[in-house]
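My numbering applies: residue 4 is where the sequence shown begins, and numbers increase by one.
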Amino acid sequence: MHSVEQVPKLTVIAPATGQLIAEIEETRIHEVPLFYQRGRNAFAAWSCISIPDRLRYFRKLKQLMVDEMDQIARIISDDTGKVLTEAIVADIMPTLDAIDHIIRHAEKVLSRQKAKTPFLLIGKKSYIEYMSRGVVLVISPWNYPLQLAMVPMVSALAGGNSVILKPSEVTPLVGKCIEDLFNRSGFPEGTVQVAHGGKEVGAAFTEGKPDYIFFTGSVRTGKIIQQQAARDLIPTTLELGGKDPMIVFKDANLERAAKAAAWGAFTNSGQVCMSAERLYVERSISDEFLELLKSEVRNLTQGSDENADVGSMTFPAQKDIVKAQLEEALARGAKLETGLEPVNWQEGMFLPLTVVTHVEQDMKIIQEETFGPLLPVVHFDTEDEAVTLANGTVFGLNASVWTKDKEKARRVASRLVSGAVVINDVIITVANHGLPFGGTKDSGIGRYHAEGGLRIFCHEKAIMEDLGLMNSEIQWYPYKGKYPLFLKLFKNYFGEKRNWLSFAKDYLALLKIK
Ligand code: ADP
């Protein structure tokens, strides 16, 4: 009798309804070397294709996504519980925009760049080349499951790498959808592979010696991956958590700021690494601002229909984190301005939209990432105090500054230890693919998007060219008689007043020594 191997399956439960909507076969650990073998074979061919030829596949991918935008939005919404508007605005649009940006800029950014050659190295030419790395492993999370997987994937592919994606097991339907989109765009076999499964599968791929790891997820997992990468000297980009401050000065457009705070805190049910996660309001306008904010929050609707504002939470375990943070804050004297105490929360994945005041800087609600619809509000008196409070966590991903005083806004923005800062808006830097994206401190290592986001996936190769006509170089052997001449040459060359006649004489004298 043959024993039929049971293939483990990931079950997909729609968080908004609790219904089982799909089952997806997991990749088995013993398949990992096979993935790498296929990836390396595909790399050999893909890296030799010209960039314009690679981009032909990108155009197909983009058109397919444009044609099937509504279906993709519905898959994202079913899998995450986020509302359709957010699926299209914050997951599909940034992905399409990144593909578009790459189609327009990849050739220029990744082609050989001329570099200056210093005068001392007279007669030579210098270039920088961008050489594909090999197989890039992308490990992605569940909160923006399309863009946080696809943007690093297409960036790596543009540079001639093959890609293995390990999408989050929390949103496997989107992982399957990505696999399907690449397959149907005709990318050569093995150029893009998707491995389905949880952290064991992710760990097995991390240990499989990829040529680059691009990870988006929690700080905890980021540190585990970085340790493994260090063992094998694998370069990484880590896009980790955030606890973004929003600083509202008394001269801000308060109505706009209140709308932004509500949107920034509750979009995607607060499961955003760069949302409004701590609100610092200048004391003299704090009551007025709080009333504006509360009325904004009260107007929001939660649900899964097309017109709902806020969807459900995605990951059940996240509810407990939100609950624990709120309970600690309330036990220490925080006051609920909107929302309910956790004991009164209903079953299911929709959490009350919660604004809390009387919050201390050392509470978990301020110091730890919440990833839920919870907005703590703190007052400040001076600009210095606002900056100190805003900088007072281990995170530094994004931040926002609200004031009509342009000078003050720019001054504060410069002082924030953050990968990005938005003035009089929230989150929006991520939507400009021409800007770098990434964090300071525990928010991560490295940047992507923009030119650098394509170049990280390539080795930067320095090339110098000499015509090879002269039989020797001045710094080559023999050294006899050269030291005093070099001494004179360099003192003259690097000194305050360079004497070119004397330089030429010494240089010629050095050339003559053979
Ligand atoms: P999140 O809380 O956002 O899900 P995680 O860091 O736990 O953050 O997960 C992000 C991604 O990392 C997921 O695809 C997950 O399966 C993967 N992952 C989790 N643990 C590991 C690990 N030890 N090695 C590699 N990948 C992992």
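Using N, Cα and C, we set each Cβ at its ideal position, and we do this for glycine too.
With respect to the 8 Å criterion, K326 and H361 are not classified as neighbours on the basis of their beta carbons. Taking non-hydrogen atoms of the ligand ADP into account, the C-beta of S221 is found less than 7 Å away from one of them. Looking at the DSSP output, S129 shares a beta bridge with A118 and M467. Within its own chain, the residues whose Cβ lies closer than 8 Å to the Cβ of N502, once the five positions on either side in sequence are excluded, are N495, listed in chain order.
Residue environment: C51 is assigned as exposed (fewer than 16 neighbouring CB atoms within 10 Å of its CB, all protein chains considered).
Annotated as proximal: W145 and T83, with beta-carbon spacing under 8 Å.
Restricted to the stretch 257-299, the alpha helix (DSSP H) segments that are unbroken, complete and at least 4 residues in length are 257-269, listed in chain order. In terms of Cα proximity to C461, the closest of T406, F46 and I227 is F46.
Residue state for V429 is assigned as coil, using DSSP reduced to three classes. By the Cβ neighbour-count rule, H33 is exposed, with fewer than 16 other Cβ atoms within 10 Å of its own. The beta carbon of E463 sits closer than 7 Å to those of I131 and Y133, all from its chain and outside the five residues before and after it, given in chain order. Less than 8 Å divides the Cβ of A109 from the Cβ of I54. Residues of the same chain with a CB within less than 6 Å of the CB of D214, apart from the 5 flanking positions on each side, are R136, G137 and V138 in chain order.
Y510: member of the alpha helix (DSSP H) spanning W503 to K515, first to last residue. Per DSSP, V139 is not a residue of any alpha helix (DSSP H); the beta strand (DSSP E) it occupies stretches across V138 to I142. Just so you know, the alpha carbons of I91 and P121 end up roughly 50 Å apart. For T174, the three-state secondary structure derived from DSSP is coil. For Q196, the enclosing beta strand (DSSP E) covers residues V195 to V197. CA-CA distance, E344 to L378, rounds to 14 Å.
For T20 and S315, the gap between their C-alpha atoms comes out near 9 Å. Excluding residues up to 5 positions away in sequence, V141, P155 and T240 lie with their Cβ nearer than 6 Å to the Cβ of F217 in the same chain. Between V197 and E182, the beta carbon gap of about 4 Å places them in contact (Cβ cut-off 8 Å). Runs of the alpha helix (DSSP H) lying entirely within the stretch 30-58, each at least 4 residues long, are 35-49 in chain order.
In this model, L400 and N271 are separated by some 17 Å (Cα to Cα). In this structure, I79 lies away from V15, with their beta-carbon atoms at least 8 Å apart.
Restricting attention to alpha helix (DSSP H) runs no shorter than 4 residues, the stretch 400-460 encloses them at 409-418 and 453-458, ordered along the chain. From the listed residues Y480, D247 and K127, the smallest Cα separation to L472 is found for K127. Of the candidates G456, I448 and S446, the residue whose Cα lies closest to the Cα of L438 is G456. Within the stretch 357-404, the complete beta strand (DSSP E) segments of 3 residues or longer fall at 357-360 and 377-383, listed in chain order. When DSSP states are grouped into helix, strand and coil, A255 belongs to the coil group. Taking 8 Å as the upper bound for CB-CB distance, L488 and L504 are not in contact here, some 15 Å apart. A Cβ-Cβ separation of about 5 Å places A402 in contact with P248 under the 8 Å criterion.
Per DSSP, reduced to three states, the secondary structure at Q328 is helical. Distances taken from the Cβ of S278 to the heavy atoms of the ligand ADP include none shorter than 7 Å. Residue burial annotation: I95 is buried, with at least 16 other C-beta atoms found within 10 angstroms of its C-beta.
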